[in-house]
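Asker:
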Amino acid sequence: MWHVQLRSLRKSFGASSALNGLELGIQAGEFVSLLGPSGCGKTTTLRIVAGFETADTGHILVNGADITHVPSSKRDMGMVFQSYSLFPNMTAQVNVEFGLRVRRISSIRRQKRAAELLELVGLSERADHFPHQLSGGQQQRVALARALAATPQVLLLDEPLSALDANVRATLREEIRRIQSELGITTLFVTHNQEEALSMSDRVGVMREGRLEQLAAPSTVYQEPATEFVATFIGAGNILPAVAHGNEVVVYGQRITAPAAARHGRGTDVNLVLRPEEIRIAPVQDADPGALTGVVMTRSFLGPVTRVSVKLEHGTGQVIRVDIPASADELPPGARAALSFKPANPLLLRT
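The sequence shown: position 295 = 295 (UniProt numbering), numbered continuously.
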């Protein structure tokens, strides 16, 4: 049985439809992320689960019990917001204690629980600090401790890392995952950041227009995107028009071995997904037989690799993105280049 289950959730705001029959099941102790662009319905989903919004139709179940119409205060859920939402006139310790005070937990038990959680998030020494004396990452740690104080069944995370700088974001996402795993708490995480979703989750649900396009393990979403939208949004690679031909596909005249092509009729139009690392780029004088040619448009340094964008001289002038070692200094913008496709396991999508 699912620990949390969303059944056929629908929600509209005026003429705008936010959720279109959303279905989702989360196992006990699982960390599930909802990933998608702005307006896809991920935050609306989280707010409906929390009880801050009401679905037009559909049901929310926790441990098999229907909580669709249960007030948010009675849902036994903890929530962490993007904006921290700490009380500025309260210390970290008192902020963490707040929910317990509302529940009329004794002072001794409140203080003990808050101290345990501040230690868990690494802020024991800052228990007497006010929010303005804490960094953004520290404030979000306090917010996480406060959300966990009442030992909720479910933890809801609404883009909690988006307001932080890159270094703090990377550290805190590791901390959140460690704490979640240590406590074994069922977690629903909302983000528009692909790296966060892929690195933190047991499963990732990619949303579009109020529905799940794909729900799977991070490696599956990246390596086997179910739709063109997922492949594009997740950054899985270039999408090229191709034609199935037996156990091959033909891409701009190049033949590529692709066993998956046999599942499509000969002559069927398909889309080939090629990751930037699966494409060989070389100066035109060193081109492989049958290579496509194009012009280098841009080079972007990405740390260990440099991403090169090449506009093909064939067909529609599609731009292909290729990753090369960061140390490579050949092929500046404006240079002609040759591209060869060498995918180990070509992925095909229906058009």
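Using N, Cα and C, we set each Cβ at its ideal position, and we do this for glycine too.
Since VAL49 and LEU188 should fall inside the 8 Å C-beta cutoff, what is the C-beta to C-beta distance between them, to a whole number of angstroms?
Answerer: Correct: roughly 6 Å between the Cβ atoms.
Asker: Look at the Cβ atom of ALA244, then the Cβ atom of THR227, and state whether they are nearer than 7 Å.
Answerer: Cβ atoms of ALA244 and THR227: not closer than 7 Å.
Asker: Find the nearest neighbour of LEU331 within the set GLY294, GLU175, HIS192, PRO88, judged by alpha-carbon distance.
Answerer: Selected option, being the one with the closest Cα: GLY294.
Asker: Skipping 5 residues on each side, what residues in its chain have a beta carbon closer than 6 Å to that of GLN318?
Answerer: Here the set comprises LEU312.
Asker: Can you tell me which of ALA15, GLN140, VAL308, MET1 puts its alpha carbon nearest to the alpha carbon of ILE29?
Answerer: In the sequence under discussion, the amino acid at residue 29 is Gly, which differs from the Ile named in the question. Per the Cα distances, MET1.
Asker: Does the segment 284-303 touch the segment 256-276, meaning 3 or more C-beta pairs lie closer than 8 Å?
Answerer: Taking 8 Å as the limit for Cβ pairs, the verdict is that the segment 284-303 does not touch the segment 256-276.
Asker: VAL96 to ALA217, Cα distance in whole Å?
Answerer: Those two C-alpha atoms are separated by around 33 Å.
Asker: Return the chain-ordered list of same chain residues with a C-beta closer than 8 Å to the C-beta of GLY253, the five sequence neighbours on each side being excluded.
Answerer: Around GLY253: GLY290, LEU292, HIS314.
Asker: Alpha helix (DSSP H) containing PHE233: first to last residue?
Answerer: 228-234 is the span of the alpha helix (DSSP H), which, as asked, contains PHE233.
Asker: Would you decide whether ASP323 is buried or exposed? Buried here means 16 or more other CB atoms lie within 10 Å of its CB.
Answerer: The residue is buried, with at least 16 neighbouring Cβ atoms inside 10 Å.
Asker: Given PRO152, which residues of its chain have a CB within under 6 Å of its CB, disregarding the five upstream and five downstream residues?
Answerer: ASP76, MET77, GLY78, listed in sequence order.
Asker: Could you tell me which of ILE185, LEU24, ALA258 sits nearest to LEU9, measuring between CA atoms?
Answerer: The residue with the shortest Cα to Cα distance from LEU9 is LEU24.
Asker: Taking LEU349 and ALA231 to be in contact with their CB atoms under 8 Å, please state how far apart those CB atoms are, rounded to whole angstroms.
Answerer: Yes, LEU349 and ALA231 are in contact; Cβ-Cβ is about 7 Å, under 8 Å.
Asker: Return the residue from the list CYS40, VAL308, GLN5 that minimises the CA-CA distance to ALA65.
Answerer: Here the closest residue by C-alpha is GLN5.
Asker: Per DSSP, which residues does GLU196 bridge with? Please list them.
Answerer: Paired residue(s): none; GLU196 is not in a bridge.
Asker: Check for me: the alpha helix (DSSP H) holding ILE108 runs from which residue to which?
Answerer: Its alpha helix (DSSP H) spans residues 107-120.
Asker: Give the range of the alpha helix (DSSP H) segment to which PHE52 is assigned.
Answerer: That residue, PHE52, is in no alpha helix (DSSP H); it is neither H nor E in DSSP.
Asker: If you scan the segment 146-213 from start to end, which runs of the alpha helix (DSSP H) of 4 or more residues do you find wholly inside it?
Answerer: DSSP runs (the alpha helix (DSSP H)) wholly in the segment 146-213: 166-183, 194-200.
Asker: Within the continuous alpha helix (DSSP H) that includes SER17, where are the two ends?
Answerer: Segment 16-26 is the beta strand (DSSP E) holding SER17; no alpha helix (DSSP H) there.
Asker: Starting from GLN5, trace the beta strand (DSSP E) in both directions and tell me its first and last residue.
Answerer: Segment 4-13, the beta strand (DSSP E) holding GLN5.
Asker: Using beta-carbon positions only, say whether VAL80 and ALA147 come within less than 7 Å of one another.
Answerer: Contact flag set, yes.
Asker: Only counting the same chain, and skipping five residues up and downstream in sequence, which positions put a Cβ closer than 6 Å to that of ASN345?
Answerer: Closer than 6 Å at the Cβ level, and outside the excluded window around ASN345, lies no residue.
Asker: Compare the C-alpha of ASP329 against each of VAL308, ARG321, PRO343, GLN133 and name the closest.
Answerer: Minimum Cα distance to ASP329 is reached at VAL308.
Asker: How would you label LEU164, buried or exposed, when you count the other beta carbons within 10 angstroms and need 16 or more for buried?
Answerer: With 16 or more other Cβ atoms within 10 Å, it is buried.
Asker: From ALA149, GLN139, ARG299, pick the residue whose C-alpha is nearest to that of SER85; which is it?
Answerer: For SER85, the nearest C-alpha among the options comes from GLN139.
Asker: Can you give the Cα-Cα distance for residue 363 and ARG7, rounded to whole angstroms?
Answerer: With the chain represented from 1 up to 351, any question about residue 363 goes unanswered, as that position is not in the structure.
Asker: Nearest to ASP56 by CA position, among PHE229, PHE98, PHE13, is which residue?
Answerer: Taking only the C-alpha atoms, the option nearest ASP56 is PHE13.
Asker: Pull up the distance between the alpha-carbon of ILE179 and that of PHE130, whole angstroms please.
Answerer: Their backbone Cα atoms lie some 23 Å apart in a straight line.
Asker: CB LEU161 to CB GLY137, shorter than 7 Å?
Answerer: Their beta carbons are not under 7 Å apart, which means LEU161 does not touch GLY137 by this criterion.
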